[in-house]
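**Q** My questions will all concern the structure given below.
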Amino acid sequence: MSPVLRTRRDGSTRPARYRAVQPLAVLWLTLVWLAMWGEVSPLLVVGGVLVAVAVCVAFPLPPIDIASGLRPLALARLVARFLVDLVRASIQVSGVVLRRRPVRNAVVAVDLESSSDFVMTLVAAMLSLIPGSVVVEARRSTHTLYLHVLDVPDEESAERFRRDALDLEQRVLRALPPHAPEEAGA
Amino acid sequence: MSWTTPLDVAAAVCILLGAVLTLIAAIGQVRMPDLLSRMHAATKPQVLGTVLIVLGLSLRLRDPGVVGLLLLVVLLQMATSVVSSHMVARASFRAGQVRHDLLVVDELSDEQLHEEPRGAP
Amino acid sequence: MNVVLVVAAGILLVAALLLVVRMTLGPTILDRSVALDVLVAVTVCAIALYSAHTGATYALPVVVVLAGCGFVSAVSVARYASRSDDLQPGAGDDDRFTGRS
């Protein structure tokens, strides 16, 4: 992997630098550490924070800016709807597996509205987890996801699936509104 | 080891449902005609099945430390099954392993000519 | 509870056997890696059953590790298999359930 280059004001380039130690990542890694130990004590918390910082320094990752405007209510709705979809679609796929009729599939292109990579990743992950669809190809330049959908008898239901996927994206956007202005400039 | 509490009953139901879902995933593995539809059968009921069994286990053990660990299992399972299913699906589609006769709509093959460089996300 | 656990274990056993069938049949390496992926999930469930049976929690870190690393095999196979010759769909593709013959 080649480092991303940034241009300095005088025109020369330098490798992009980001703050390696991000508070959210440290918090998450510390929680994982505590979950592994299965108990909470001051010594464990301190040790967990130390390990988390060491991991962040050793394997730096670009930051995700989601903290900009998290909307708890919309997020709760997103998660609840996701769980419902997970269960409903699992039952559907089980039905498809068990019945005797031959199955017809489709490869559907979904053009996402948002141009943020983070939203695209999130939508792709959720669509993959919801049964009946697998992301076959993701095109970053046009923000298009190509999904293989199970059990599509005709074109109309392919169209319905596309609408469902776009609805999911709308819910993600409502829960985690991206900050629009700096994306165009960057 | 007895049916003392409603929690135990709930745990038993969760474990049974999870096992059945895993079995359905396995049946799908054997029955489905091509790799991509097999992957639907594989990754999906299996995720819910694991979640249910793990839920049943945590209802049974009722130990906060264990619940944290099991939550971690579920999160890891969800995060990793996405990655692996996408990688396998992409490799399979690029290798032309898709049964085109089973597809009703195929919007990818039409523009497959536009290839992004290898290793692009 | 014990009856339920035994029944669930039996179901998992059948599932594992079916997966071994698919691994043996699987026309390409990708089919086998997907089947292996599911087999790892079955193992996770089996360990959870064992833990529910005995109440012992020492096996649970194994579950975490399996859930975290189970996908490595599938990803690496998918990454490197795209150049192998094993990817052509062979005559072994079964037509039984597609309505064609």
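So the sequence lines, in the order shown, correspond to chains U, Z and W.
First residue of the first sequence? That's 0 in my numbering, and the numbers climb one at a time after it.
First residue of the second sequence? That's 928 in my numbering, and the numbers climb one at a time after it.
First residue of the third sequence? That's 18 in my numbering, and the numbers climb one at a time after it.
Beta carbons are placed, not taken as given, at the ideal position from N, Cα and C, and that holds for glycine.
1) Counting only C-beta atoms, is R958/Z closer than 8 Å to chain U at any point?
2) Note down, in chain order, all residues in the stretch 47-62 of chain U with a beta-carbon under 8 Å from any beta-carbon belonging to chain Z.
3) Would R49/W pass as an interface residue toward chain Z - the criterion being a Cβ-Cβ separation below 8 Å?
4) Please list the residues of the stretch 930-959 of chain Z that have a C-beta atom closer than 8 Å to any C-beta atom in chain W, keeping them in chain order.
5) Once DSSP output is grouped into helix, strand and coil, what is the label at Y145/U?
6) Output needed for S1008/Z: all residues of its chain with C-beta closer than 7 Å, excluding positions within five of it in sequence on either side, in chain order.
7) Return no unless some Cβ of chain Z is closer than 8 Å to the Cβ of E38/U.
8) To the nearest whole angstrom, what separates the beta carbons of A95/W and A1018/Z, a pair I think is in contact under 8 Å?
9) Could you pull the DSSP bridge partners for D110/U from this structure?
10) So L996/Z contacts chain U; which residues on that side make the cut at Cβ distance below 8 Å?
11) Tell me whether S50/W sits in a helix, a strand or coil according to DSSP, three-state version.
12) When burial is assigned at 16 or more other CB atoms within 10 Å of the CB, is N104/U buried or exposed?
13) For M966/Z and T6/U, what's the separation of their Cα atoms in angstroms?
14) Could you pull the DSSP bridge partners for R138/U from this structure?
15) Use the C-beta contact count for A952/Z: other C-beta atoms within 10 angstroms, 16 or more gives buried, fewer gives exposed.
16) Can you tell which of V61/W, A73/W, V23/W and L36/W has its C-alpha closest to the C-alpha of L979/Z?
17) Contact between the stretch 146-157 of chain U and the stretch 932-947 of chain Z: three or more CB pairs below 8 Å?
18) Counting only beta-carbon separations shorter than 8 Å, does V78/U have a partner in chain Z?
19) Along the chain, where does the alpha helix (DSSP H) containing T1007/Z start, and where does it finish?
20) For L53/W versus S90/W, is the C-beta spacing smaller than 8 Å?
21) From T977/Z, V993/Z and L998/Z, pick the residue whose C-alpha is nearest to that of T74/W; which is it?
22) In chain order, what residues of the same chain have a beta carbon less than 7 Å from the beta carbon of V57/W, not counting five sequence neighbours either side?
23) Looking at the structure shown, is V947/Z part of a helix, part of a strand, or coil, going by DSSP?
24) Assign T74/W to one of three DSSP states: helix, strand, or coil.
25) Once DSSP output is grouped into helix, strand and coil, what is the label at L133/U?
26) Exposed or buried, P972/Z, counting other C-beta atoms within 10 Å across all chains shown (16 or more means buried)?
27) Are the C-beta atoms of L963/Z and some chain U residue less than 8 Å apart?
28) May I ask you to list, following chain order, the residues of the stretch 80-101 of chain W that have a beta carbon less than 7 Å from some beta carbon of chain Z?
29) M1005/Z touches chain U at which residues, Cβ-Cβ below 9 Å?
30) Taking the straight line between their C-alpha atoms, what separation do you get for P59/U and L997/Z?
31) Whole angstroms are fine: how far does the CA of L30/U sit from the CA of V1000/Z?
32) Distance, Cα to Cα, R989/Z vs D110/U?
33) Have a look at G27/W, Y97/W, M18/W and I46/W and flag the residue whose alpha-carbon is nearest the alpha-carbon of T932/Z.
34) Spell out the partners DSSP gives T12/U in its beta bridges.
35) If you measure beta-carbon to beta-carbon, which residues of the stretch 134-151 of chain U are closer than 8 Å to chain Z?
**A** Quick look at the numbers:
1) What you label residue 958/Z is simply residue 31 of the second sequence in a count that begins at 1. Yes, contact with chain U.
2) none
3) As a first step, residue 49/W is located in the third sequence; it is residue number 32 there, counting from the start. R49/W does not count as touching chain Z.
4) Listed by position, the residues of the stretch 930-959 of chain Z near chain W (Cβ gap below 8 Å) are W930, D935, A938, A939, I942, L943, G945, A946, V947, T949, L950, A952, A953, I954, Q956, V957, R958 and M959.
5) Position 146 of the first sequence, counting from 1, holds the residue named residue 145/U. The answer is strand: DSSP assigns Y145/U an E or B state.
6) Start at 1 with the first residue of the second sequence, and residue 1008/Z comes out as number 81. Correct list, in chain order: T970 and V974.
7) Taking the first residue of the first sequence as 1, we reach residue 38/U at position 39. Answer yes: the Cβ-Cβ gap between E38/U and chain Z drops below 8 Å somewhere.
8) What you label residue 95/W is simply residue 78 of the third sequence in a count that begins at 1. What you label residue 1018/Z is simply residue 91 of the second sequence in a count that begins at 1. Yes, they are in contact, since the Cβ atoms of A95/W and A1018/Z sit about 4 Å apart, within 8 Å.
9) The sequence position of residue 110/U within the first sequence is 111, counting from 1. For D110/U, which the question treats as bridged, DSSP gives the partners T143/U.
10) Residue 996/Z sits at position 69 when you count from the first residue of the second sequence. Simply A34, M35 and G37.
11) Counted from its first residue, the third sequence places residue 50/W at position 33. In the three-state scheme derived from DSSP, where H, G and I count as helix and E and B as strand, S50/W is classed as helix.
12) To locate residue 104/U, count along the first sequence from 1; it is residue 105. Looking at its Cβ environment, which holds 16 or more other Cβ atoms inside 10 Å, N104/U is buried.
13) As a working mapping, residue 966/Z is identified with position 39 in the second sequence. As a working mapping, residue 6/U is identified with position 7 in the first sequence. Their Cα atoms are separated by approximately 44 Å.
14) For the purposes of this step, residue 138/U is taken as residue 139 along the first sequence, with counting starting at 1. Partner residues in the beta bridge of R138/U, as assigned by DSSP, are T143/U.
15) Residue numbering aside, residue 952/Z sits at position 25 when the second sequence is read from its first letter. Classification for A952/Z: buried.
16) In the second sequence, the residue the question calls residue 979/Z occupies position 52. Among V61/W, A73/W, V23/W and L36/W, the Cα nearest to that of L979/Z is on V61/W.
17) Result no; under three Cβ-Cβ pairs closer than 8 Å.
18) In the first sequence, counting from the first residue as 1, residue 78/U sits at position 79. Taking Cβ atoms only, chain Z never reaches closer than 8 Å to V78/U, which makes this a no.
19) Residue numbering aside, residue 1007/Z sits at position 80 when the second sequence is read from its first letter. Here the alpha helix (DSSP H) through T1007/Z covers P991 to R1021.
20) Locating residue 53/W in the third sequence gives position 36, where the first residue counts as 1. Locating residue 90/W in the third sequence gives position 73, where the first residue counts as 1. Yes; because the gap between Cβ atoms is below 8 Å, this pair is in contact.
21) Against the third sequence, residue 74/W aligns to sequence position 57. When each option's Cα is compared against that of T74/W, the closest is V993/Z.
22) On the third sequence, position 40 is the one that residue 57/W refers to. Only L83 and G87 meet the Cβ criterion.
23) The count along the second sequence starts at 1 and reaches residue 947/Z at position 20. Looking at V947/Z - three-state DSSP - the assignment turns out to be helix.
24) For the purposes of this step, residue 74/W is taken as the residue at position 57 of the third sequence. Three-state result, T74/W: coil.
25) Within the first sequence, the letter at position 134 stands for residue 133/U. Looking at the sequence shown, residue 133/U is not Leu but Val. Here V133/U sits in strand by DSSP.
26) Against the second sequence, residue 972/Z aligns to sequence position 45. Buried, by the Cβ-count rule.
27) Within the second sequence, residue 963/Z is the residue found at index 36, counting from 1. Yes, L963/Z counts as interfacial toward chain U.
28) V80, V81, A84, G85, G87, F88, A91, V92, A95, R96, A98 and S99
29) As a first step, residue 1005/Z must be located in the second sequence, where it is residue number 78. Simply A124 and L128.
30) Start at 1 with the first residue of the first sequence, and residue 59/U comes out as number 60. Start at 1 with the first residue of the second sequence, and residue 997/Z comes out as number 70. Each residue's alpha carbon lies about 27 Å from the other.
31) For the purposes of this step, residue 1000/Z is identified with residue 73 of the second sequence, where counting begins at 1. For the purposes of this step, residue 30/U is identified with residue 31 of the first sequence, where counting begins at 1. Distance between the alpha carbons of V1000/Z and L30/U is about 13 Å.
32) Sequence index remark: in the second sequence, residue 989/Z carries index 62 (1-based). Sequence index remark: in the first sequence, residue 110/U carries index 111 (1-based). Their backbone Cα atoms lie some 45 Å apart in a straight line.
33) Here residue 932/Z is taken as the residue at index 5 of the second sequence, counted from 1. The shortest Cα separation from T932/Z among G27/W, Y97/W, M18/W and I46/W belongs to M18/W.
34) As a working mapping, residue 12/U is identified with position 13 in the first sequence. DSSP, once it has assigned bridges, lists T6/U as partnering T12/U.
35) Of all residues in the stretch 134-151 of chain U, V134, V135, E136, A137, R138, R139, S140, Y145, H147, L149 and V151 have a Cβ within less than 8 Å of some Cβ in chain Z.
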